[in-house]
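Enquirer:
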Amino acid sequence: MKMKICLLLVVLSAGCSKKSNTVPVAVLDAPAYFKVDAASAGSISGKVKFAGPRPRPQLINMEEDPACVMAHAGKAYDESLVVDAHGALGNAFVYISRGLEGKNFETPTTPVVIDQRGCWFRPRLLGLQTGQTFKIVNSDPVTHNIHPMAMVNREWNHSQGPGDDPMTRRFIKPEIMIPVKCNIHSWMHAYIGVLDHPYFAVTKDDGSFEIKNLPAGTYTISIWQEKLGTQEQQITVAAQTNATANFTYKGKS
Amino acid sequence: MFFRPWVVSMTMAAVLLIVCDGCRSHVQDKPIGQSVSIPIPLGLPPLPLPRDNPPTADAVALGRALFYDKHLSQDDSLSCSSCHNPQTYFTDGQRLSKGLGGLSLRNAPTVMNAAYLPFQFWDGRALTLEEQAASPIADPLEMNQPHNVSVKKIAANGEYKAMFVETFGSDDVTIGRIENALASFERTLLSGNSAFDRYQYGGDQTALTISQARGLAVFLDPNKGNCASCHTVRPHDALFTDGKFHNTGEGVGDLDQFSDIGRYHETKVKTDTGAFKTPTLRNVAHTAPYMHDGRLKTLKEVVDFYAGGGNSNLYLDPEMKKIHLNGTDREDLVAFMQSLTGEMPPNVGPPGKK
Numbered sequence: 001m002k003m004k005i006c007l008l009l010v011v012l013s014a015g016c017s018k019k020s021n022t023v024p025v026a027v028l029d030a031p032a033y034f035k036v037d038a039a040s041a042g043s044i045s046g047k048v049k050f051a052g053p054r055p056r057p058q059l060i061n062m063e064e065d066p067a068c069v070m071a072h073a074g075k076a077y078d079e080s081l082v083v084d085a086h087g088a089l090g091n092a093f094v095y096i097s098r099g100l101e102g103k104n105f106e107t108p109t110t111p112v113v114i115d116q117r118g119c120w121f122r123p124r125l126l127g128l129q130t131g132q133t134f135k136i137v138n139s140d141p142v143t144h145n146i147h148p149m150a151m152v153n154r155e156w157n158h159s160q161g162p163g164d165d166p167m168t169r170r171f172i173k174p175e176i177m178i179p180v181k182c183n184i185h186s187w188m189h190a191y192i193g194v195l196d197h198p199y200f201a202v203t204k205d206d207g208s209f210e211i212k213n214l215p216a217g218t219y220t221i222s223i224w225q226e227k228l229g230t231q232e233q234q235i236t237v238a239a240q241t242n243a244t245a246n247f248t249y250k251g252k253s
Numbered sequence: 254m255f256f257r258p259w260v261v262s263m264t265m266a267a268v269l270l271i272v273c274d275g276c277r278s279h280v281q282d283k284p285i286g287q288s289v290s291i292p293i294p295l296g297l298p299p300l301p302l303p304r305d306n307p308p309t310a311d312a313v314a315l316g317r318a319l320f321y322d323k324h325l326s327q328d329d330s331l332s333c334s335s336c337h338n339p340q341t342y343f344t345d346g347q348r349l350s351k352g353l354g355g356l357s358l359r360n361a362p363t364v365m366n367a368a369y370l371p372f373q374f375w376d377g378r379a380l381t382l383e384e385q386a387a388s389p390i391a392d393p394l395e396m397n398q399p400h401n402v403s404v405k406k407i408a409a410n411g412e413y414k415a416m417f418v419e420t421f422g423s424d425d426v427t428i429g430r431i432e433n434a435l436a437s438f439e440r441t442l443l444s445g446n447s448a449f450d451r452y453q454y455g456g457d458q459t460a461l462t463i464s465q466a467r468g469l470a471v472f473l474d475p476n477k478g479n480c481a482s483c484h485t486v487r488p489h490d491a492l493f494t495d496g497k498f499h500n501t502g503e504g505v506g507d508l509d510q511f512s513d514i515g516r517y518h519e520t521k522v523k524t525d526t527g528a529f530k531t532p533t534l535r536n537v538a539h540t541a542p543y544m545h546d547g548r549l550k551t552l553k554e555v556v557d558f559y560a561g562g563g564n565s566n567l568y569l570d571p572e573m574k575k576i577h578l579n580g581t582d583r584e585d586l587v588a589f590m591q592s593l594t595g596e597m598p599p600n601v602g603p604p605g606k607k
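These protein sequence lines map, in sequence, to chains A and B.
First residue of the first sequence: 1, per my numbering; consecutive thereafter.
First residue of the second sequence: 254, per my numbering; consecutive thereafter.
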């Protein structure tokens, strides 16, 4: 996508003359986006573990809205700390937090979708690039009111009734993380990570993640989990190779 | 009251324009004869009556005939009642009204109890029923007929001759007389004496179900529904509207903009952007869909809209932030609004019928 930017150059004549200012309008190409050269790029992968005892599944009570009880097929369990039988931690947000300064990445044209389904946000955790379209869908037979409680970006909330069209929003500035709630259903939570580059991932149920096509270099890689907080480590990525970054969260002592 | 000097002068200018339109001569638009007393149902306040248009029995009958007369539209297909149908409590049941110019931009509000309102239309661009009445006739989106054509068509209909003579003392048809008669008929469209009225003002403790009575309490409680801060309930009567304009966030688009700017269109005051007149809630169970854009389909959807705090935007009314509703509160509010269905007054259907 090639963008034209209109630049208004206000030329102020020297000496405070009363003559009208001339306002030439220059049309310039937008600054070039950083293009990753596949030959010099590498990747990072790793696994995330939780060393504490595996949390017991907590049942969510939706009785406040009987339509939600109906809409959520089966029982709903708390997903704030998802650990499998081997201690693998899903639903953690991994991202490059330092080392990409000065590089300007193109905004993807594909939207990132959050669905309100079964009175639940799906997915619970998602990443977006600044300016990328965030598409909000309501698949439920009830009204939801999605409320991203942003601190850096503008905070907003919006009602979406059953059968309403999807709506779209954007986040303009990087922000780790934006907690999202539904103003109507207190048990609905999600988290959004907004970055000005594409190097982020959400860990799968087996705790694994992968960040691909990263220019060779030294970075800080960070991880965020809603209950366990953040950690970071330094990592060097060489061309055509995969670097490993594993993380372990200790259990509460 | 709500008069600001510039509003008055703009209104006068508008009236002058109509006067100079050529279709109005020096004939009297004020009805002759005795003003009738319009019965006020339980729960409604005394009815304000304009001095220059007292509702006489003849004016009301003439207005009723005109309200149901399709000759007031360009192709004789629409009457006022097409969009303000007595079967749906003087609304049309559509999301947006369909006029001759296609879909109108807004949902048709009920005309019942509109006689009490200090402003007409969602954005308040008319002050009185008289002033309001002529605009749908000429509106290209609605009945799309210039006033001189309406005047000619009504004058050509012999059945009206005697009615105009009886009402105004001569058979001259003017747009002013049409407006006045329509307004007088609309003043008889009063609806009260609902289960809520019998409970609240009639001393009948059994008129509301337990859930409805709880819903009333939620409605009034400033820390729960906070509904009555805009949908007014007073010690002796309730119109369920403060007659003012508020931004609930209904109609906010993807870019945080209002495609319909509402009250701002009239006042050019920034904070009026996206503000619409508080609608009455009387008979609301029968006037779906809801809001100025008809976007909300059920009362449950409306209550859930409030439970979520509406839609954020720069000009959201601060009263919206005080609403706190749990699941039971929401169910009770819906039940309560079902108790607001009032009686239909007699003689308001198409002429010749009850």
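Ideal placement from N, C-alpha and C gives every residue a C-beta, glycine not left out.
Rounded to the nearest angstrom, what separates A:Ala41 and A:Thr241 at their Cα positions?
Expert: 8 angstroms
Enquirer: In whole angstroms, give me the CA-to-CA distance for B:Phe438 and B:Ile431.
Expert: 11 angstroms
Enquirer: Go to B:Ile608, then tell me how far its alpha helix (DSSP H) extends in each direction, as first and last residue.
Expert: Only positions 254 to 607 of chain B appear in this structure, which leaves residue 608 of chain B out of reach.
Enquirer: Just the chain B side, please: which residues come within less than 8 angstroms of A:Met167 by C-beta, in chain order?
Expert: Simply Asp507.
Enquirer: Could you name the residues that DSSP lists as bridge partners for A:Arg169?
Expert: Paired residues: A:Phe134.
Enquirer: Expressed to the nearest angstrom, what Euclidean distance is found between the alpha-carbon atoms of A:Val82 and A:Lys47?
Expert: 14 angstroms
Enquirer: Please work out which residues of its chain come closer than 6 angstroms, Cβ to Cβ, to A:Thr292, disregarding the five sequence neighbours upstream and downstream, and give them in chain order.
Expert: Since the displayed chain A opens at 1 and closes at 253, residue 292 of chain A lies outside it and no answer follows.
Enquirer: Given that B:Phe558 touches chain A, what residues does it touch there, using C-beta distances under 7 angstroms?
Expert: Contacts between B:Phe558 and chain A, judged by CB atoms closer than 7 angstroms, involve Thr143 and Ser159 in chain order.
Enquirer: Would you tell me roughly how many angstroms separate the C-alpha atoms of B:Asn249 and B:Leu358, rounded to the nearest one?
Expert: Since the displayed chain B opens at 254 and closes at 607, residue 249 of chain B lies outside it and no answer follows.
Enquirer: Considering only the beta carbon of each residue, do B:Asn500 and B:Gly527 sit closer than 7 angstroms?
Expert: Yes, the pair counts as a contact, with Cβ atoms nearer than the cut-off.
Enquirer: Can a CB atom of chain B be found closer than 7 angstroms to the CB of A:Asn104?
Expert: So no, A:Asn104 is outside the interface.
Enquirer: Could you give the distance in angstroms between the alpha-carbon of A:Ala256 and the alpha-carbon of A:Ala39?
Expert: Given a span of 1 to 253 for chain A in the structure shown, any question on residue 256 of chain A remains unanswerable.
Enquirer: Indicate whether at least one CB of chain B lies closer than 7 angstroms to the CB of A:Asn21.
Expert: Here A:Asn21 scores only 49 on pLDDT, less than 50, and its place in the model should not be relied on; the value that follows carries that caveat. Under the 7 angstroms criterion on CB atoms, A:Asn21 is classed as non-interfacial with respect to chain B.
Enquirer: Taking Cβ positions, are B:Gly547 and B:Leu349 nearer each other than 7 angstroms?
Expert: yes
Enquirer: Taking A:Ile114 as the reference, give the member of A:Gly131, A:Gly102, A:Asn138 and A:Met70 with the closest Cα.
Expert: A check of alpha carbon separations from A:Ile114 across A:Gly131, A:Gly102, A:Asn138 and A:Met70 identifies A:Asn138 as the nearest.
Enquirer: Among B:Ser335, B:Gln281 and B:Tyr342, which one has its Cα closest to the Cα of B:Asp305?
Expert: B:Gln281
Enquirer: Let me confirm a value: A:Asn246 is counted as buried when at least 16 other C-beta atoms fall within 10 Å, else exposed. Which label applies?
Expert: exposed
Enquirer: For a test of the three-state rule: what should DSSP assign to B:Gln347, helix, strand or coil?
Expert: In the structure shown, B:Gln347 sits in coil (DSSP, three-state: anything other than H, G, I, E or B).
Enquirer: Roughly how many angstroms separate the alpha carbons of B:Pro399 and B:Ile293, rounded to a whole number?
Expert: Their Cα atoms are separated by approximately 35 angstroms.
Enquirer: Which residues does DSSP list as the beta-bridge partners of B:Gly515?
Expert: B:Ala528
Enquirer: Return the first residue and the last residue of the beta strand (DSSP E) that A:Glu210 is part of.
Expert: Ser208 to Pro215
Enquirer: Can you check whether the C-beta of A:Ile184 is within less than 7 angstroms of a C-beta belonging to chain B?
Expert: yes
Enquirer: Over what stretch of residues does the beta strand (DSSP E) that includes A:Lys181 continue unbroken?
Expert: Glu175 to Cys182
Enquirer: If you follow the beta strand (DSSP E) that B:Val280 is in, where does it begin and where does it stop?
Expert: Careful: B:Val280 lies outside any beta strand (DSSP E) and carries neither H nor E.
Enquirer: Between the segment 532-539 of chain B and the segment 489-505 of chain B, do at least 3 Cβ pairs fall closer than 8 angstroms?
Expert: By the Cβ test, the segment 532-539 of chain B is in contact with the segment 489-505 of chain B, since at least three Cβ pairs between them sit closer than 8 angstroms.
Enquirer: Let me see if you follow: with CB-CB separation under 7 angstroms, is B:Ser437 close to chain A or not?
Expert: no
Enquirer: Alpha carbon to alpha carbon, what distance is there between B:Val471 and B:Ala481?
Expert: 10 angstroms
Enquirer: With the cut-off set at 7 angstroms, would you say B:Asp322 and B:Ser332 are in Cβ contact?
Expert: yes
Enquirer: Cβ of A:Ala67 within 7 angstroms of Cβ of A:Val142?
Expert: yes
Enquirer: How far does the beta strand (DSSP E) with A:Leu126 in it extend, from its first residue to its last?
Expert: DSSP places A:Leu126 inside the beta strand (DSSP E), whose first and last residues are Leu125 to Gln129.
Enquirer: Return the first residue and the last residue of the alpha helix (DSSP H) that B:Ala415 is part of.
Expert: Glu412 to Phe421
Enquirer: In this structure, does DSSP put B:Leu569 in helix, strand or coil?
Expert: coil
Enquirer: Any beta carbon of chain A sitting closer than 7 angstroms to that of B:Ser512?
Expert: no
Enquirer: Using only alpha-carbon positions, find the residue among B:Gln340, B:Gln327, B:Ile407 and B:Glu419 that is nearest to B:Thr309.
Expert: B:Glu419
Enquirer: Return helix, strand or coil for B:Gly286, following the three-state DSSP convention.
Expert: coil
Enquirer: Between which two residues does the beta strand (DSSP E) containing A:His158 stretch?
Expert: For A:His158, the uninterrupted beta strand (DSSP E) segment begins and ends at His158 to Gln160.
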